[in-house]
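Number of protein chains: 2
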Amino acid sequence: MPRALSDEAVGAFRERLIDAAERLFARNGLDAVTMRQLAAELGVSPMTPYRYFADKDAILAAVRARGFDRHAAALNAAFDAAGPDPLAATAAAGRAYVDFAFSHPEAYKLMFDISQPNEADYPDLLAAADRSRRTMTRGLEAMAEAGLFAGEPKLVGHMFWAALHGPIMLAFSGKLEPGYGARRIIAGLMEGLQRGLLRTEPA
Amino acid sequence: MPRALSDEAVGAFRERLIDAAERLFARNGLDAVTMRQLAAELGVSPMTPYRYFADKDAILAAVRARGFDRHAAALNAAFDAAGPDPLAATAAAGRAYVDFAFSHPEAYKLMFDISQPNEADYPDLLAAADRSRRTMTRGLEAMAEAGLFAGEPKLVGHMFWAALHGPIMLAFSGKLEPGYGARRIIAGLMEGLQRGLLRTEPA
DNA sequence: CGCCAAAGTCTTACGTTGTAAATTTATGCC
DNA sequence: GGCATAAATTTACAACGTAAGACTTTGGCG
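These protein sequence lines are chains A and B, in that order. First residue of the first sequence? That's 1 in the numbering used here, and the numbers climb one at a time after it. First residue of the second sequence? That's 1001 in the numbering used here, and the numbers climb one at a time after it.
Pasting the structure below:
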């Protein structure tokens, strides 16, 4: 139906396209997401997506942004469901972080992929990633600001984030041997960091 | 020169090929390593490398293995140069780890790339990666065994390893904002973990 | 000394990829 | 109702990994 494509129609098609990309992606990994497969999944010709996205990178950026949104939602849900104790809520968010990574490994890998072409070209992605990051670190920052932790709040937040991310990425790259899985390493790190940073006695 | 290609000749060509791949790789990233470019760099036809490696993946596996070897060498050098104090030597190896990652980012990225096809098919790579891992964690394990650290030695080694890897990977994926770089996060983590795990008073 | 089987290399070719360009198709407006 | 034009499709191209086949060189045997 040519002539005029309403903004909603454009948006709807974009969503459908991102859905399809997520599906292919989760099903068979990154290699399965080709323009032709994507088009087939949508029942359109291989060039049609180019009316809605600049190129394949833009599509992947949208999928990534969607991943960050899901991620943030999962963390927020866990955080909110954990009750009022900030320490318990933060721990719950941490568990949700790891659970997300291992139940949506393809999504997590894509989100933190190392060869992203000019992330800055996709403001929506930047915004989603930033929202997600703030969600990750907000509990910790709140704790740090409340004086439960020593050190600069934002830095402490990043430290815990990295302490989750490191073991997860080592696991994904197949570098961990059986018996030393990501969850065990994370447990050790969380305990060690808590012992090192937590002010159990607020003096 | 057909008929019979001595083992040394095969080995020599393989080395030349890996060298060329490393060069292309460091120069223009992974996308620059195409069979045709590689062949051009070596002055042979695009199919010649297939006499020396099964396929492109095998070449990349060799480059990865080489990376792990360089990595292990760099850590060992730093460790050995640091003197007898195990804590100082371990700290030096940690610094060398980070320095390696940021001075050979392409190599580090490739080594810990997340979409490696059947790593188990390349025993040389497995061996090199394992050698490298042991180098990384040996100082820490020694310290842990000497009772300087609480907890299981090997686990503690993996914890520190992951605490280096996490910030580095976050930096490579462009997720860290200015002011919260990998080195700062690592410094915080090392300090926090030391405080949490180190037995300053061997009671 | 000469020739030939075979190892090494090169050329050619195929299927797949992302996407540019040209073509077709279908509608809102006069 | 016809036409300008937006959307979609078809066609086409360059680059990729690599399979298949042709060519080229040489060690070993008569």
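Glycine included, each C-beta is placed from N, C-alpha and C at the ideal position.
Only exposed fits V10 of chain A, as fewer than 16 other CB atoms lie within 10 angstroms of its CB. For the stretch 164-179 of chain A, the set of residues with a beta-carbon nearer than 9 Å to any beta-carbon of chain B comprises L164, H165, G166, P167, I168, M169, L170, F172, S173, G174, K175, L176, E177, G179, in chain order. The C-beta of E141 of chain A has 16 or more other C-beta atoms within 10 Å across all chains shown, which makes the residue buried. T1135 of chain B is a Cβ neighbour of A1072 of chain B, given a cutoff of 9 Å. Under the rule that a run must span 4 or more residues, no alpha helix (DSSP H) segment is found entirely inside the stretch 37-77 of chain A. Of all residues in the stretch 106-122 of chain A, those with a C-beta nearer than 9 Å to a C-beta of chain B are K109, M111, F112, D113, I114, S115, Q116, E119, A120, reading in chain order.
Interface with chain A (9 Å Cβ-Cβ cutoff): A1182 of chain B is included. Counting C-beta atoms within 10 angstroms of its own C-beta, E15 of chain A has fewer than 16 neighbours from the protein chains shown and is therefore classed as exposed. The beta carbon of R195 of chain A sits closer than 9 Å to some beta carbon of chain B. Not one beta carbon of chain B lies nearer than 9 Å to the beta carbon of L140 of chain A. Here the stretch 145-163 of chain A lies against the stretch 1189-1198 of chain B, with 3 or more beta-carbon pairs under 8 Å apart. In this chain, the alpha helix (DSSP H) harbouring K1154 of chain B covers 1153-1172. The beta carbon of Y1097 of chain B is closer than 7 Å to those of L1075, M1136, L1164 in its chain, skipping five residues each way along the sequence. Of the residues A:N118, A:E177, A:A62, the one whose Cα lies closest to the Cα of L1126 of chain B is A:E177.
Between M1169 of chain B and I114 of chain A, the C-beta gap is smaller than 9 Å, which places the two residues in contact. For the stretch 1125-1137 of chain B, the set of residues with a beta-carbon nearer than 8 Å to any beta-carbon of chain A comprises A1129, R1133, in chain order. Residues are counted here when their Cβ sits less than 8 Å from a Cβ of chain B; for the stretch 42-61 of chain A the count is zero.
By the CB criterion at 9 Å, A1182 of chain B and F1102 of chain B fall inside the cutoff. Of the residues B:A1092, B:A1082, B:A1054, B:R1133, the one whose Cα lies closest to the Cα of D1121 of chain B is B:A1054. Assignment of beta-bridge partners to L198 of chain A by DSSP yields A:F149. At a beta-carbon threshold of 8 Å, the residues of chain B lying near L155 of chain A are Y1180, R1184, I1185, G1188, ordered along the chain.
Contact fails between the stretch 1076-1096 of chain B and the stretch 1021-1038 of chain B, because fewer than three Cβ pairs, one in each stretch, are under 8 Å apart. L1017 of chain B sits buried, since 16 or more C-beta atoms from the chains shown fall within 10 Å of its C-beta. Proximity to R23 of chain A across A:G67, A:Y52, A:P46 peaks at A:G67, based on C-alpha coordinates.
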